[in-house]
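Down below is the structure, laid out as structure tokens.
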Amino acid sequence: MVADLSPAQVRAAIQQYLLEALPKPEAATRLELAQFARMLRDYPERGGKMLRGTLLVYTGLAYGASLEEVLPVAAALELFQNWALIHDDIEDASDERRGKPALHKLYGVPLALNAGDALHARQWALLVEAGASRGVLLEFVHMVEQTAQGQHLEMSWMEGQRFDLGEADYLEMVGQKAAYYTAVAPLRLGALAAGAEPPAAFTEAGMKLGIGFQIVDDVLNLMGDPAKYGKEIAGDLWEGKRTLILLRFLQQASPEERRRAEALLRIPREQKPAPEVQWLHQRLLQSGAVAHAQQVAERLLAEGLEALEPVLRGAPRGAYGALVLEILQSLVRREA
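In our numbering, the protein residues as written are 29 to 364.
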């Protein structure tokens with residue numbers, strides 16, 4: 029049993045395992061392949077919170093696994109996060125990721141897409157090379173499918189200029205796109221990597237926690253500290269994302285303000301007038317829509333934690349289960 033394994037130590041172990049699995053520029057036989065290696069290592073080397081991998085490790089330890097057994101699965105989960113972000117940044121035309129230019133801004137869309145595909149392949153290679161169980165592999169398949177389905181919903185709404193959406197639509201979309209891989213999959217994968225059957229609460233409560241996490245991300249996109257947030261402030265408005273905050277504002281706005289907001293959101297990102305984006309940004313902050321979203325996130329956090337607490341504290345190694353709860357408690361009360 030690993031004793032006193034801090035979150036910082038877990039993050040360092042995951043990142044080391046992940047980076048060792050990626051090609052090294054100095055080993056490349058051509059300059060072009062050295063660039064390829066640098067691109068694959070770019071997002072992983074930028075760091076990040078490694079929230080999902082850390083949740084997975086502590087859950088696996090709570091259910092009796094060794095660190096050596098869960099590290100490959102956690103590294104593969106973080107690789108999923110990185111290649112999905114590369115593709116997401118392209119699909120959203122995002123400018124920044126983790127405080128630096130998005131990969132496609134540095135190298136162009138074709139090369140960035142190719143790098144994302146290569147990281148996707150390495151995700152599966154890590155799992156196969158580690159002899160991951162059928163249950164772990166099928167959970168990864170389900171996670172990728174859920175994420176892609178949720179992404180399709182969001183992009184379809186934006187492409188189709190849909191504004192006839194409400195809170196239930198948002199919760200369905202974000203549950204698939206973000207919540208599953210943020211909280212449900214790490215909890216389930218941790219148990220599966222330990223050879224245990226994941227409790228039903230991991231799915232039910234994990235969805236609430238993952239949705240709360242994404243709502244807070246939407247809030248931070250409008251009012252976060254740029255130095256801590258690591259992404260473009262108000263980027264969701266430039267991209268036209270249908271967040272809970274935006275949908276709440278549109279439902280309560282006057283007909284004139286709603287028409288003005290919808291007209292702005294229909295304009296492609298590169299043609300949006302900055303003063304209009306600034307107007308909508310300020311109106312969202314003033315309208316009470318942000319406060320409503322924060323309240324929803326807090327409620328989901330409380331409900332999710334209440335359901336998970338007895339399950340995680342009752343795990344074979346309850347001390348590690350308590351560490352999982354500590355991390356989950358920080359999901360909504362965060363600044364980045």
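The C-beta atom is built at its ideal place from N, Cα and C for all residues, glycine as well.
Buried/exposed call for residue i, threshold 16 Cβ in 10 Å
i: T87; result: buried
i: H115; result: buried
i: A367; result: Residue 367 falls outside the range modelled here, since the chain spans only 29 to 364, and no answer is possible.
i: G346; result: exposed
i: E167; result: buried
i: P227; result: buried
i: T57; result: exposed
i: L293; result: buried
i: D120; result: buried
i: K128; result: exposed
i: E267; result: buried
i: Q177; result: exposed
i: A31; result: At A31 the pLDDT is 49, less than 50, meaning the model places this residue with poor confidence; the figure from the coordinates comes in the next sentence. So A31 counts as exposed.
i: M29; result: Model confidence at M29 stands at a pLDDT of 42, short of 50, so the residue's coordinates are unreliable; what they give is reported in the following sentence. The residue in question, M29, is exposed, as its Cβ has fewer than 16 Cβ neighbours within 10 Å.
i: D245; result: buried
i: P100; result: buried
i: K52; result: exposed
i: R367; result: With the chain covering only 29 through 364, there is no way to say anything about residue 367.
N- and C-terminal bounds of the alpha helix (DSSP H) containing residue i
i: F191; result: First-last for F191: undefined, no H or E at that position.
i: R66; result: 59-73
i: R345; result: It is not in any alpha helix (DSSP H) - R345 carries neither H nor E in the DSSP assignment.
i: E96; result: 95-120
i: R327; result: 317-341
i: K269; result: It is not in any alpha helix (DSSP H) - K269 carries neither H nor E in the DSSP assignment.
i: K236; result: 228-251
i: Y135; result: 131-135
i: P51; result: Element bounds for P51: n/a, residue is neither H nor E.
i: R294; result: Run containing R294: none; DSSP gives neither H nor E here.
Contact belief for residue i with residue j at Cβ below 8 Å, rounded distance in angstroms
i: D117; j: L131; result: 7 Å
i: A222; j: Y348; result: Contact doesn't hold; Cβ gap of about 10 Å is too wide.
i: L147; j: W111; result: 4 Å
i: L46; j: L107; result: 6 Å
i: G240; j: L359; result: 6 Å
Option nearest residue i by Cα separation, candidates the options
i: A49; options: R311, Q189, R69; result: R69
i: Y71; options: L99, A55, K133, L59; result: K133
i: Q323; options: L278, V247, M251; result: V247
i: F191; options: G163, I273, D123; result: I273
i: Q174; options: A207, V156, E187, M183; result: A207
i: S122; options: L312, Q314, R297; result: R297
i: G188; options: K256, I295, P301; result: I295
Quiz item: Does the region 257-271 touch the region 219-237, meaning 3 or more C-beta pairs lie closer than 8 Å?
Solution: By the C-beta criterion, the region 219-237 is judged not to be in contact with the region 257-271, since fewer than 3 inter-stretch pairs fall below 8 Å.
Quiz item: Using 8 Å as the Cβ pair cut-off and three pairs as the minimum, do the region 74-87 and the region 206-225 touch?
Solution: Taking 8 Å as the limit for Cβ pairs, the verdict is that the region 206-225 does touch the region 74-87.
Quiz item: Is there contact between the region 233-252 and the region 316-332, where contact requires at least three CB pairs shorter than 8 Å?
Solution: Contact holds: three or more Cβ-Cβ distances are below 8 Å.
Quiz prompt | Sufficient close CB pairs (3 or more, under 8 Å) joining the region 60-76 to the region 38-52 | solution = Result yes; three or more Cβ-Cβ pairs closer than 8 Å.
Practice problem: Report yes or no: do three or more beta-carbon pairs, one from the region 190-206 and one from the region 135-143, lie closer than 8 Å? | Solution: Because the criterion of three Cβ pairs below 8 Å is not met, the region 190-206 and the region 135-143 do not touch.
Quiz item: Is it a yes or a no for the region 277-290 touching the region 302-314, going by three-plus beta-carbon pairs under 8 Å?
Solution: Proximity of the region 277-290 to the region 302-314 meets the contact definition, three or more beta-carbon pairs being nearer than 8 Å.
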